[in-house]
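Structure, as structure tokens:
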Amino acid sequence: MPHPNTACTPQPVTDPPPGPGPGLSVVLGGTGGIGAALVDALRARGEPVLALGRRTEPRLDYADEASVQSAGEAVAQRLARSGERLGRLIVATGFLHGETASGQRAEPERSWQHLNADALAHSFQVNAIGPALVMRHFLPLLPRQGRCVAVFLSARVGSIGDNALGGWYAYRASKAALNQLLRTAAIELARRNREAICLALHPGTVDTGLSKPFAKTGLQVRPPPQAAAELLAVLDGLTTADTGGFRDHRGQVVPW
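Each residue of the sequence shown is one higher than the one before, counting from 24 in my numbering.
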């Protein structure tokens with residue numbers, strides 16, 4: 024991990040004049056699940072979009088900050104070369120269950136008796152630390168004038184005020200950490216550009232590998248294309264009054 028004083032953040036490109044279009048959309052986690060559906064929906068609109076993930080080129084892996092930095096630099100080079108502006112930064116990554124970096128199996132905890140340091144560390148790496156590194160290396164690429172949006176997919180279970188059921192310790196805590204990070208980033212981003220919007224977005228229950236094993240009978244589970252259309256509708260309707268907030272796929276406010 025680079026020393027905090029190391030100047031490795033990509034420098035903001037010279038802003039092109041604000042145009043009528045939305046600009047380039049960069050989707051992290053854009054190769055599967057909700058992220059891939061968002062990429063497809065944006066392409067169907069005829070908008071420029073770049074998907075980034077562990078299997079893309081450039082590669083972006085939260086376990087390797089150098090790859091996050093390199094991906095940010097590649098985006099900066101594209102913007103400088105093409106004259107595009109970064110209109111949307113969408114972070115559609117998350118970890119609830121599965122294999123951790125050490126090869127152990129992690130599942131949502133039903134009790135404190137199931138708490139495990141490895142699962143906790145991996146959840147925070149993917150759900151909070153990784154997005155924080157994205158903030159460091161990608162937020163400086165957003166334009167200093169004109170509307171732009173940075174959205175991080177969070178989860179309603181990351182809401183402290185809405186937690187009435189308990190359980191899912193690692194996922195809840197890591198998403199709550201993400202919410203605090205982006206709330207803080209939204210304040211700093213507004214100082215650079217008063218028209219910039221940064222917020223957390225709860226996508227609802229979507230038919231993906233992350234949520235499928237836990238979809239309860241009778242719960243509304245939406246296919247990824249429908250979820251993507253709903254999320255983009257929310258993004259399109261955001262104003263600067265929404266920055267630093269937490270909303271769901273219907274545009275409704277979620278308590279912190």
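C-beta: ideal position from N, C-alpha, C; glycine also.
> Considering only C-alpha positions, which residue in the set 267, 226, 79 is nearest to residue 250?
Replying inline: Start at 1 with the first residue of the sequence shown, and residue 250 comes out as number 227. Here the closest residue by C-alpha is 226.
> Does the beta-carbon of residue 191 have 16 or more other beta-carbons within 10 angstroms, so that it is buried, or is it exposed?
Replying inline: For the purposes of this step, residue 191 is taken as the residue at position 168 of the sequence shown. Under this definition residue 191 is a buried residue.
>> Measuring CB atoms only, is the region 78-95 touching the region 197-213, in the sense that at least three cross pairs come out at less than 8 Å?
In response: no
> Which class does residue 178 belong to by DSSP, given the choice of helix, strand or coil?
Replying inline: On the sequence shown, position 155 is the one that residue 178 refers to. Here residue 178 sits in coil by DSSP.
> Among the residues of its own chain, which have a CB less than 6 Å from the CB of residue 275, if the five just before and after it don't count?
Replying inline: Here the question's residue 275 lines up with position 252 in the sequence shown. Cβ within range, chain order: n/a, list empty.
> Among residues of its own chain, excluding the 5 on either side of residue 93, which ones have a beta-carbon nearer than 7 Å to its beta-carbon?
Replying inline: Locating residue 93 in the sequence shown gives position 70, counting from the first residue. Taken in chain order, the residues that qualify are 81.
> In three-state DSSP terms, what is residue 272?
Replying inline: Position 249 of the sequence shown, counted from the first residue, corresponds to residue 272. Here residue 272 sits in coil by DSSP.
> Are the region 97-112 and the region 132-149 touching, with three or more C-beta to C-beta distances below 8 Å?
Replying inline: no
> Near residue 184, what residues of its chain come up, given a Cβ to Cβ distance below 8 Å and the 5 sequence neighbours on each side ignored?
Replying inline: Within the sequence shown, numbered from 1, the residue matching residue 184 stands at position 161. Excluding positions up to five away in sequence, the list reads 278, 279.
>> Assuming residue 223 is part of the beta strand (DSSP E), what are its boundary residues?
In response: Along the sequence shown, one-based indexing puts residue 223 at 200. Looking at the DSSP string, the run of the beta strand (DSSP E) that includes residue 223 is 219-225.
> Which two residues bound the contiguous beta strand (DSSP E) that contains residue 111?
Replying inline: Position 88 of the sequence shown, counted from the first residue, corresponds to residue 111. That run of the beta strand (DSSP E) goes 109-114.
>> Using only CA atoms, which one of 254, 177, 187, 272 lies nearest to residue 200?
In response: Taking the sequence shown and counting its residues from 1, one reaches residue 200 at position 177. For residue 200, the closest alpha carbon among the candidates 254, 177, 187, 272 is that of 177.
>> Let's test the definition: count the other Cβ atoms within 10 Å of the Cβ of residue 111 and tell me whether it reaches 16, buried, or not, exposed.
In response: Taking the first residue of the sequence shown as 1, we reach residue 111 at position 88. Burial call: buried.
> Can you name the start and end residues of the alpha helix (DSSP H) that residue 196 belongs to?
Replying inline: Translated into the one-based positions of the sequence shown, residue 196 becomes position 173. Residues 192-215.
> Is residue 113 buried or exposed, if buried means 16 or more other CB atoms sit within 10 Å of its CB?
Replying inline: In the sequence shown, counting from the first residue as 1, residue 113 sits at position 90. By the neighbour-count rule (16 or more Cβ atoms within 10 Å), residue 113 is buried.
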